[in-house]
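Novice: The structure follows.
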Amino acid sequence: MGQRTTGEPMSTIPLSCFRCRDKKLKCDRIWPRCGRCTKLGDSCIFPGSRKSQTGKRKKVRELEARLEQLEGQLKEVVNGTRGDDQQQGQQSESQNESNTVSPITVMEHPQSTPSTDNIGIEQISPLQQASLAPQQQPTPGLLEEPPSPQLVKTLTEIYFDKLYYAAPMIHRSRYMASIQLPPPMSPPMCLQYIIMALAAGLYEPYRHLSYSFYQRARAHAEADEMRGHGEHFSTVAHAQCWTLIANYEAHQIMFSRASTSLCRSIRIAQMLHLHRIGENDCNLPLAQGWSEVEERRRTWWVIFCSDRFVSGTTGWPVIINERDITTKLPGSEDSFNIGFQESTCSLPDAIHQDIKCHDYPPFAGRVVAAHLFHKTLQLTSEPFPEGTLEDVKNSPYWKRHMDLDNNLSTMLMFLPGTLELPKNIRCLNAVFINVNLHTAVICLHRAALLNMRQQGLPVYLVKTRLLAAAEEILNIFRMIVDMSTALKNPLMVFSAYMAALVFLDDFTTDRGQSSESNLLFILRVMTSMGKTNAVTRSLAIQLAMDMMQNGFDSSVFDTVRITPLPFLYFSIYTF
Numbered sequence: 019m020g021q022r023t024t025g026e027p028m029s030t031i032p033l034s035c036f037r038c039r040d041k042k043l044k045c046d047r048i049w050p051r052c053g054r055c056t057k058l059g060d061s062c063i064f065p066g067s068r069k070s071q072t073g074k075r076k077k078v079r080e081l082e083a084r085l086e087q088l089e090g091q092l093k094e095v096v097n098g099t100r101g102d103d104q105q106q107g108q109q110s111e112s113q114n115e116s117n118t119v120s121p122i123t124v125m126e127h128p129q130s131t132p133s134t135d136n137i138g139i140e141q142i143s144p145l146q147q148a149s150l151a152p153q154q155q156p157t158p159g160l161l162e163e164p165p166s167p168q169l170v171k172t173l174t175e176i177y178f179d180k181l182y183y184a185a186p187m188i189h190r191s192r193y194m195a196s197i198q199l200p201p202p203m204s205p206p207m208c209l210q211y212i213i214m215a216l217a218a219g220l221y222e223p224y225r226h227l228s229y230s231f232y233q234r235a236r237a238h239a240e241a242d243e244m245r246g247h248g249e250h251f252s253t254v255a256h257a258q259c260w261t262l263i264a265n266y267e268a269h270q271i272m273f274s275r276a277s278t279s280l281c282r283s284i285r286i287a288q289m290l291h292l293h294r295i296g297e298n299d300c301n302l303p304l305a306q307g308w309s310e311v312e313e314r315r316r317t318w319w320v321i322f323c324s325d326r327f328v329s330g331t332t333g334w335p336v337i338i339n340e341r342d343i344t345t346k347l348p349g350s351e352d353s354f355n356i357g358f359q360e361s362t363c364s365l366p367d368a369i370h371q372d373i374k375c376h377d378y379p380p381f382a383g384r385v386v387a388a389h390l391f392h393k394t395l396q397l398t399s400e401p402f403p404e405g406t407l408e409d410v411k412n413s414p415y416w417k418r419h420m421d422l423d424n425n426l427s428t429m430l431m432f433l434p435g436t437l438e439l440p441k442n443i444r445c446l447n448a449v450f451i452n453v454n455l456h457t458a459v460i461c462l463h464r465a466a467l468l469n470m471r472q473q474g475l476p477v478y479l480v481k482t483r484l485l486a487a488a489e490e491i492l493n494i495f496r497m498i499v500d501m502s503t504a505l506k507n508p509l510m511v512f513s514a515y516m517a518a519l520v521f522l523d524d525f526t527t528d529r530g531q532s533s534e535s536n537l538l539f540i541l542r543v544m545t546s547m548g549k550t551n552a553v554t555r556s557l558a559i560q561l562a563m564d565m566m567q568n569g570f571d572s573s574v575f576d577t578v579r580i581t582p583l584p585f586l587y588f589s590i591y592t593f
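What follows is the structure in structure tokens.
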């Protein structure tokens, strides 16, 4: 370009200088130095042509690094699967087959692209997705885009604020700090995803993410099982993960799947000898502090409670033998949070109300309540020889009945101050334990009422005990502040249903007006909560059908106004 002369406009070129382009600023393109570079005193260089920069943008470099990392993970999984197949002694197959991808690998890791992994997940409900055939399910793979750090933090905090009480086994501060660490030091992805899945189901803005996160959690947990020789999934975190997966599946009334997931967590915990913490045969590295020891102990007792509750509500045999347990009961939340060692007693000592264990922590009270709940339902399901139920004083059935009744009454009378109601009504753990103990009383005496009617024995005292326990449950439900969170626990819904059956029986036999109003109140609560809770919805429909079969008109079913759910391989065990 020629030199400028006086009166002529400044000479410009069609391209911005390198300085302005790097800073993404507007360049006035005045040659040989633009106005911005002249003002700042920077060197001003103009490109000779429209040739793109040789360097790559930061975003492109990050995407390439992420893609390389994911390709490495996929190659590791594929190689691990091939190695396992080759070690099974299939040396007689042709040499060419070793160069092909294993059919098992193809089935476990189907083609997954962003356009197909998440199709329709927001539009399909969890129950509808569960009922789809495997080839129809929109199962996300292992190469999905992870959620944003802010979403991870938000959902994790929701879990600890609202749902931690149901499975108090993860140390909150240590977990929140660990999720910000690199992958080798952070919790397994399966545990992170199932925690987010449980939390997402609580609030409408995140509810569409819940089932997708659950699928990712299972995919990562199952992939860890196929890596190496078992060392990748034989961890406390994976035992916690499978327990929470079973918890999620129970919320979605996928009880058969929940039971098998729970079996996985039980076996992992037993392989790690979590049921023998304190002895020298633990298969875990030395704990770094008391909080880690307590977390291992709490993980075992959460699994134990789940095993007892599943057996009690389904009638299936328990998997854990209590005689094999030497791990002490869990300590208080304060000692767990600050890492202060606290001495506790064993389960048998707590059951027999040892003086040293009288003031046991709330979580230990849940363990004792779960044990008594299972023992109660075990008695009601066991067959006894004919003719042995007539002798109320000497029959083995009635002796065990009175022993369990005394244990339940004693525990209710001597609950620690941290579990007493109504002063601890905001403590969901205290609410659950009280409701669970009264439910055990109902289950025990409902079975006794049936046997006494068959034998022609007087039933007045038994009916009195049943009504008293049902009214206690009803009073607790009237006092609960956050009903939606409380009824997220399927066992709380089961307790409400059992109390409703007591009121229904009293109304049909004695025409008690108070029982009718109490029954309708429970039905309204279950109907309201059933709009977002599959278990509550199912039992609300069942209760309405029971009421219709016992003389109520069809209008009670109209109050439910919820589409009935399909049967999913499960039935509540109600004697």
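Residue numbering for the sequence shown follows the numbering used here, starting at 19 and increasing by one per position.
Glycine included, every Cβ here is placed at the ideal spot set by N, Cα and C.
Determine which residues share a DSSP beta bridge with Thr30 and list them.
Specialist: Ile48
Novice: Give me the Cα-Cα distance between Cys363 and Asn447, rounded to the nearest whole angstrom.
Specialist: Roughly 20 Å between the two C-alpha positions.
Novice: Reducing DSSP to helix, strand and coil, say where Cys363 ends up.
Specialist: coil
Novice: Between which residues of its own chain and Ala487 is the CB-CB distance below 7 Å, once the five residues before and five after are set aside?
Specialist: Within the same chain, and ignoring the five residues on either side of Ala487 in sequence, the residues whose Cβ sits closer than 7 Å to its Cβ are His456, Val459, Ile460.
Novice: Within a Cβ cutoff of 7 Å, which residues of the same chain sit near Glu360, ignoring the five residues on either side of it in sequence?
Specialist: Within the same chain, Gly349, Ser350, Ser353 come within 7 Å of Glu360 by CB-CB distance, once the 5 residues on both sides are set aside.
Novice: Since Gln168 is in the alpha helix (DSSP H), which residue starts that stretch and which ends it?
Specialist: Taken as a continuous stretch (DSSP letters only), the alpha helix (DSSP H) holding Gln168 covers 167-176.
Novice: Grab me the residues of Gln154's own chain with a C-beta within less than 6 Å of its C-beta, minus the 5 sequence neighbours each way, in chain order.
Specialist: With a pLDDT of 42 at Gln154, under the threshold of 50, the modelled position of this residue cannot be trusted, and the question is left open.
Novice: Helix, strand or coil: which one does DSSP assign to Asp523?
Specialist: helix
Novice: Within the same chain, show all residues whose beta-carbon is closer than 8 Å to that of Pro476, passing over the 5 residues directly before and after it, in chain order.
Specialist: Met470
Novice: By Cβ distance, which residues of its chain are closer than 6 Å to Ala276, with the 5 residues on each side in sequence left out?
Specialist: Ala264, Glu267, Ala268
Novice: By how many angstroms is the C-alpha of Asp421 removed from the C-alpha of Ser309?
Specialist: 37 Å
Novice: Between which two residues does the alpha helix (DSSP H) harbouring Lys57 extend?
Specialist: 53-58
Novice: State the start and end residues of the unbroken alpha helix (DSSP H) segment that holds Val543.
Specialist: First-last of the alpha helix (DSSP H) with Val543: 531-547.
Novice: Just the C-alpha distance for Arg314 and Asn452, rounded to the nearest angstrom, thanks.
Specialist: Rounded to the nearest angstrom, the two C-alpha atoms are 26 Å apart.
Novice: Grouping DSSP H, G and I as helix and E and B as strand, with all else coil, what is Arg190?
Specialist: helix
Novice: Ordered along the chain, which non-local residues of its own chain (more than five positions away) have a Cβ less than 8 Å from that of Glu94?
Specialist: Arg245
Novice: Report the rounded CA-to-CA distance for Pro164 versus Glu312, giving the unit in angstroms.
Specialist: 31 Å
Novice: From this set, Gln472, Ile188, Trp334, which residue's C-alpha is nearest Glu400's C-alpha?
Specialist: Trp334
Novice: In three-state terms, what does DSSP make of Pro380?
Specialist: helix
Novice: Report the residue from Leu433, Phe251, Gly53, Leu390 whose alpha carbon sits nearest the alpha carbon of Arg285.
Specialist: Phe251
Novice: Quick one: what's got a C-beta closer than 7 Å to Arg326's C-beta in the same chain, skipping five residues either side?
Specialist: Val336, Ala388, His389, Phe391, His392
Novice: Any idea what DSSP makes of Gly435, helix, strand or coil?
Specialist: Looking at Gly435 - three-state DSSP - the assignment turns out to be helix.
Novice: Tell me which residue opens and which closes the alpha helix (DSSP H) that Lys596 is part of.
Specialist: Nothing can be reported for residue 596: it is not among the residues displayed for the chain, which extend from 19 to 593.
Novice: Apart from the five residues just before and just after Cys55, which ones in its own chain have a Cβ nearer than 6 Å to its Cβ?
Specialist: Arg37, Cys62
Novice: With 16 as the cutoff for other CB atoms within 10 Å, does Asn568 come out buried or exposed?
Specialist: exposed
Novice: Compare the beta carbon distance of Met497 and Ile540 with 7 Å and say whether it is the shorter of the two.
Specialist: no
Novice: Can you tell which of Met429, His189, Asp367 has its C-alpha closest to the C-alpha of Pro11?
Specialist: Because the chain is modelled from 19 through 593, residue 11 falls outside the range shown and cannot be assessed.
Novice: Less than 6 Å between C-beta atoms, sequence neighbours within five positions excluded: which residues of the same chain meet that for Pro201?
Specialist: When the five nearest sequence neighbours on each side are left out, no beta carbon in the same chain lies closer than 6 Å to the beta carbon of Pro201.
Novice: Can you say whether Ser493 is buried or exposed, counting buried as having 16 or more other CB atoms within 10 angstroms of its CB?
Specialist: Here the sequence assigns Asn to residue 493, which means Ser is not the residue at that position. Exposed, because fewer than 16 other Cβ atoms sit within 10 Å of the Cβ of Asn493.
Novice: Compute the Euclidean distance between the alpha carbons of Asp638 and His370, then round it to the nearest angstrom.
Specialist: The structure shown does not extend to residue 638, since the chain is modelled only from 19 through 593, so no value can be given for it.
Novice: Should Glu222 go down as buried or exposed, given a rule of 16 or more other Cβ atoms within 10 Å for buried?
Specialist: exposed
Novice: Please report the Cβ distance between Val553 and Ile271, rounded to the nearest whole angstrom; I am assuming they are in contact, meaning their Cβ atoms lie under 8 Å.
Specialist: 6 Å
Novice: Tell me where the alpha helix (DSSP H) around Pro201 begins and ends.
Specialist: From DSSP, Pro201 is part of no alpha helix (DSSP H); its letter is neither H nor E.
Novice: Have a look at Glu534 and Phe525 and give me their C-alpha separation to the nearest angstrom.
Specialist: In this structure, the straight-line span from the alpha carbon of Glu534 to that of Phe525 is close to 6 Å.
Novice: Roughly how many whole angstroms lie between the Cα atoms of Tyr224 and Leu169?
Specialist: A direct Cα-to-Cα measurement between Tyr224 and Leu169 gives close to 10 Å.
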